[in-house]
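*Asks:* Please find one structure pasted underneath; my questions will follow.
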Amino acid sequence: MLKYLGYSVKTAITGIDAIAEYKRNHDKFDLVILDMIMPKLNGREIFERLTGINPNLKVIFSSGYSLESQAVENINLGCLEFIQKPFDIKKLSQKIRGVLSCL
Numbered sequence: 016m017l018k019y020l021g022y023s024v025k026t027a028i029t030g031i032d033a034i035a036e037y038k039r040n041h042d043k044f045d046l047v048i049l050d051m052i053m054p055k056l057n058g059r060e061i062f063e064r065l066t067g068i069n070p071n072l073k074v075i076f077s078s079g080y081s082l083e084s085q086a087v088e089n090i091n092l093g094c095l096e097f098i099q100k101p102f103d104i105k106k107l108s109q110k111i112r113g114v115l116s117c118l
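Okay, so the sequence shown: first residue is 16 according to the working numbering, each after it adds one.
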């Protein structure tokens, strides 16, 4: 979906991979989409490490679980959004535009 919308995409299988990729290329990222549950580190742990590198990082959290749990805590951490799985391309595009326009 992201490529179809015209975005360049980097993927990571584990949280550790995501952090390593971001450290290498953080200047090339406008936005990070984090799943709340990932192997090795969860979305919040990854978020905390990435914002240690860039405190102004723009993030969309994603999960198949309800917004009532850990996701709500993460939303209050800055210029962030949450998208509930499953989602369609229109919803994803709206969330991305909203986060990217956040000051």
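For each residue, glycine too, the CB sits at the ideal point set by N, CA and C.
Owing to the predicted nature of the structure, the values given are computational and were not obtained by experimental measurement.
1. In whole angstroms, what is the alpha-carbon distance linking M53 and P101?
2. Compute the distance between the beta-carbons of I61 and G30, then report whether it is under 7 Å.
3. So who's on the other strand from S77, going by DSSP bridges?
4. On the CB-based measure, 16 or more other CB atoms within 10 Å of its CB, does G58 come out buried or exposed?
5. Under 8 Å by Cβ, that's how I've got K73 and L115 pegged, so tell me the actual separation to the nearest angstrom.
*Replies:* Based on what the coordinates show:
1. 16 Å
2. yes
3. D50 and I98
4. Residue environment for G58: buried (at least 16 other C-beta atoms within 10 angstroms of its C-beta).
5. Contact flag correct, Cβ pair sits at about 6 Å.
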